[in-house]
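**Student:** Protein chains in written order, with our numbering: chain C, 1377 to 1789; chain H, 448 to 878. Glycine included, C-beta positions come from ideal geometry on N, C-alpha and C. Keep in mind the model is a prediction, meaning the values are calculated, not measured.
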């Protein structure tokens, strides 16, 4: 994957060249959306989710002892097996759905409103997903969101618990520091790609692990909370925290607003700005972009800086939104989920937003499923990865459901 | 996945100029570090390297080095080598290979003396260091050989981690059920091939980006094994987790050879997986670079169109290689649960698949190079855990970073020239 990154988006949808006339652009956008629905791309996304859920359901059913017990006398009473399967799967997915949206059976009223947990989990996923999306569009594969989140959270944390500033200013400083932390980490990969040609996939993977070791080192020495034996930092100042949107009963915080603003900003950047046009041109064909007078190496560096800043902001929403203090697990699996989010969102800002909401729902619901239906949350990872595999291979889903491929004109096979 | 900028004619001229100065600058920086750390800040006292164990047939006396004096001598040698590299760059384009090699060896030895001299106990058992490193090195070698097989034929394998994990899980499960370690080993190879089948099917048949498939497969395998671990392996019968008690592969010491100091315990006191590893490294090297089979594979990886023109079935070659790579990595995964530890645990490969990827790159896509890189990374990893007990002048976390940092230096052309097969990562569509 050297100089032909037609790979980023699973569908190499030919981006219509933006013309200066904004009305034309709008029309093109409109017809494109219709064409996409007509060509079955949207249907394929829905079918991919469905097929993945069905496979997940099969896994849940065959590992359920009730189903195994009932299948022991399958030929005597086949109905018992099917009702056991139904009970097992509906119980699990029911708990998943209720946990992610609204659960009337929960003991507390806060616990009933799982939808806000969904939004909380979605917040860093949106930002990190945008980071991956943006780099994708410039033809770069940023696998390093994980490390960039860690570095963003570390920078934000240092400002958040070691400096003591007045309200508002402190929070702004935390956000800025987080963005810088992520940008530096991704910038290393962008710089090496631009100057030496070092492949960004390898460099960002390696930087992920270096970030973990680096943070562990800091947490054992300079950033260790006084009196603590574990590698964990002190808590952030109250001034440095993102305000909670719905009071202390819910974890959903102003990070969500930050994330939505970021979606709007990235959408504008990609579709309306000169810089975004350059990124897309570089992503489509770096050689042609160079011939057209664009400085490809500078594009690689700047796009990685912005991408890293977005991932750094995801780190900010982690430490200043939900976690309060820094540890080596601050990024959880967000950096890797972000890749799947960006793929599911087809490398488009709003697509990424909705994909992040879906994955946030899976996360919130998965917890409830583990507690209420005794189905390990790992099944969520299985379903998520299956979704992406199916979406990445539209011919597979097409052949499964015999959907005729209607290719947008001009697209090559 | 071309690692050094794929031919950019317009920039070729200044790239040559950059490369000629990169090595002397890098060596200069390291020489300076050596002068400051090893000579000026060198620890007083002695560093003792214990070579023989008490029950060894041949006793080799301990190696005792005065840390500070050794640091001064070593840093002088390093400075001299850096100057030599600078002079060579000034006169001709390239720095001689022996300069960088000697520099690396002297630096590593001096680093060891400095670290050991700085610990509280001031001694280290080399047998423990190297034999313990094999616990990390063995799966790394299998993982990176899987990568060699795939990438040499033009398929990037990011799913090494998933293949190892699938192998570890399946080996534990099957060896527990059948009470037969060899059945577990076989099943692990099959599990690795299943992961490979998905990688091959999606990236070759459906032409999905190989890196995407690899990343997703890692998540899939992690989720699947985690789920089945919770559902199946945690089921206890009479308080015993019957599905997670694999029978182990016995160690098979080779008489005489296993008595050699250091090398004996390291290489000749292993399980069958360990011996298979040694054979495989040599066989793959020979196969890839000395046989018609290997030439074809490399042709497919470097220039698939040319290979196709002379009648090689590109996609079939790739498919077979990816499958073989899966089997190799699966066996590497079996090492975790059939040799190294007693049972499977969630995500037990812990990122070793990515270090294997690093070893593959650092070893320049060559089986022997990859194995040596895996050994280096294994020793660094084991040194880290030994030193975390002994108290050291440098933090263990910096040793943990070493594989990754070296790999970044390698892909950006600071350490030698690490170049991937030209067509690695690019799907081949006929016509």
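To the nearest angstrom, report how far apart residue 666 (chain H) and residue 1758 (chain C) are at their CA atoms.
**Tutor:** One C-alpha to the other measures close to 7 Å.
**Student:** When you compare only the Cα positions, how much space is there between residue 750 (chain H) and residue 604 (chain H)?
**Tutor:** Approximately 18 Å between the Cα atoms of the pair.
**Student:** Determine the chain C residues that contact residue 798 (chain H) at a beta-carbon separation under 8 Å, and present them in chain order.
**Tutor:** By Cβ distance, chain C contributes 1585.
**Student:** Taking residue 678 (chain H) as the query, report the chain C residues whose CB atoms sit under 7 Å from its CB, ordered along the chain.
**Tutor:** Residues of chain C passing the Cβ test: 1439, 1752.
**Student:** State buried or exposed for residue 677 (chain H), treating a residue as buried only when at least 16 other CB atoms are found within 10 Å of its CB.
**Tutor:** Flag for residue 677 (chain H) reads buried.
**Student:** Unbroken alpha helix (DSSP H) runs of length 4 or more, entirely within the region 1739-1779 of chain C: which are they?
**Tutor:** Here the runs fully enclosed are 1754-1768, 1770-1777.
**Student:** How should residue 448 (chain H) be labelled, buried or exposed, when 16 other C-beta atoms within 10 angstroms of its C-beta is the threshold for buried?
**Tutor:** Any reading at residue 448 (chain H) must be qualified, since the residue scores a pLDDT of 42, below 50, and its modelled position is unreliable; no value is offered.
**Student:** Just the chain H side, please: which residues come within less than 7 Å of residue 1592 (chain C) by C-beta, in chain order?
**Tutor:** Neighbours of residue 1592 (chain C) on chain H, chain order: 844.
**Student:** Quick one: is residue 1598 (chain C) buried, meaning 16 or more other Cβ sit within 10 Å of its Cβ, or exposed?
**Tutor:** Exposed, because fewer than 16 other Cβ atoms sit within 10 Å of the Cβ of residue 1598 (chain C).
**Student:** Throw me the rounded Cβ distance for the residue 1505 (chain C) and residue 1714 (chain C) pair, which I believe falls under 8 Å.
**Tutor:** About 5 Å separates the two Cβ atoms, so the contact holds.
**Student:** Which chain C residues sit within Cβ distance under 9 Å of residue 653 (chain H)?
**Tutor:** 1768, 1769, 1770, 1771, 1772, listed in chain order.
**Student:** Just mark residue 1546 (chain C) as buried or exposed, buried being the case when its beta carbon has 16 or more other beta carbons within 10 Å.
**Tutor:** Buried, since its Cβ has 16 or more Cβ neighbours within 10 Å.
**Student:** If we ignore side chains and look at the alpha-carbon of each, how far apart do residue 1761 (chain C) and residue 1716 (chain C) end up?
**Tutor:** So the alpha carbons of these two residues sit roughly 7 Å apart.
**Student:** Under 8 Å between C-beta atoms, does residue 1574 (chain C) make it to chain H?
**Tutor:** So yes, residue 1574 (chain C) belongs to the interface.
**Student:** Between which residues of its own chain and residue 1399 (chain C) is the CB-CB distance below 7 Å, once the five residues before and five after are set aside?
**Tutor:** Bear in mind that the predicted position of residue 1399 (chain C) carries a pLDDT of just 46, short of 50, making it unreliable; the figure below should be weighed with that in mind. Nothing meets the Cβ criterion.
**Student:** Buried or exposed, going by whether 16 or more other CB atoms sit within 10 Å of the CB of residue 1575 (chain C)?
**Tutor:** Answer is buried; the Cβ neighbour count reaches 16.
**Student:** Using alpha carbons as the reference points, say which of H:619, H:602, H:853, H:792 lies closest to residue 778 (chain H).
**Tutor:** For the residues H:619, H:602, H:853, H:792, the minimum Cα distance to residue 778 (chain H) belongs to H:619.
**Student:** When the cut-off is 8 Å and only beta carbons count, does residue 1539 (chain C) lie next to chain H?
**Tutor:** Judged by the 8 Å Cβ criterion, residue 1539 (chain C) is not in contact with chain H.
**Student:** Could you give the first and the last residue of the continuous beta strand (DSSP E) run that contains residue 570 (chain H)?
**Tutor:** Here the beta strand (DSSP E) through residue 570 (chain H) covers 570-572.
**Student:** Quick check on residue 1648 (chain C): does DSSP put it in helix, strand or coil?
**Tutor:** Helix, per DSSP.
**Student:** In terms of residue numbering, what span does the beta strand (DSSP E) encompassing residue 493 (chain H) cover?
**Tutor:** Note, residue 493 (chain H): beta strand (DSSP E), 493-497.
**Student:** With a Cβ-Cβ cutoff of 8 Å, do residue 879 (chain H) and residue 755 (chain H) count as a contact?
**Tutor:** The question about residue 879 (chain H) has no answer here: the residues shown for chain H are numbered 448 through 878.
**Student:** Do you know how far the Cα of residue 1719 (chain C) is from the Cα of residue 1774 (chain C)?
**Tutor:** Cα-Cα distance, rounded: 18 Å.
**Student:** Do residue 775 (chain H) and residue 645 (chain H) count as a contact pair if the criterion is CB distance below 8 Å?
**Tutor:** Cβ distance not < 8 Å, so residue 645 (chain H) and residue 775 (chain H) don't count as in contact.
**Student:** Which residue or residues does DSSP assign as beta-bridge partners of residue 1701 (chain C)?
**Tutor:** DSSP output for residue 1701 (chain C) lists C:1611 as bridge partner(s).
**Student:** For residue 1617 (chain C), return the contacting residues in chain H, with the cut-off set at a CB-CB distance below 9 Å.
**Tutor:** The premise fails here: residue 1617 (chain C) is roughly 28 Å from chain H at the closest Cβ pair, so nothing lies under 9 Å.
**Student:** For chain C, is any of its Cβ atoms less than 8 Å away from the one on residue 670 (chain H)?
**Tutor:** So yes, residue 670 (chain H) belongs to the interface.
**Student:** Shorter than 8 Å from the beta carbon of residue 859 (chain H) to some beta carbon of chain C?
**Tutor:** So, interface residue.
**Student:** When the cut-off is 8 Å and only beta carbons count, does residue 667 (chain H) lie next to chain C?
**Tutor:** Yes, its Cβ sits closer than 8 Å to a Cβ of chain C.
**Student:** Please name the residue or residues paired with residue 1629 (chain C) in a DSSP beta bridge.
**Tutor:** In the DSSP output, where bridge partners are listed per residue, residue 1629 (chain C) has C:1620.
**Student:** Below 8 Å on the Cβ atoms is my guess for residue 693 (chain H) versus residue 631 (chain H); work out the distance and round it to an integer in Å.
**Tutor:** The pair is a contact, with the Cβ atoms about 6 Å apart (cut-off 8 Å).
**Student:** Would residue 1760 (chain C) count as contacting chain H if we go by Cβ distances under 8 Å?
**Tutor:** True, the Cβ-Cβ gap to chain H drops below 8 Å.
**Student:** Using the rule of at least 16 other Cβ atoms within 10 Å of the residue's Cβ for burial, across every protein chain shown, is residue 1623 (chain C) buried or exposed?
**Tutor:** Label assigned to residue 1623 (chain C): exposed.
**Student:** If we count Cβ pairs, one from each stretch, closer than 8 Å, do we get three or more for the region 1551-1564 of chain C versus the region 782-792 of chain H?
**Tutor:** The answer is no - the region 782-792 of chain H does not touch the region 1551-1564 of chain C, with fewer than three Cβ pairs under 8 Å.
**Student:** Whose Cβ in chain C lies nearer than 8 Å to the Cβ of residue 848 (chain H)?
**Tutor:** In chain order: 1585, 1586, 1589, 1590.
**Student:** Starting from residue 513 (chain H) and walking both ways along the alpha helix (DSSP H), at which residues does that stretch end?
**Tutor:** Residue 513 (chain H) -> not in any alpha helix (DSSP H); beta strand (DSSP E) instead, spanning 510-513.
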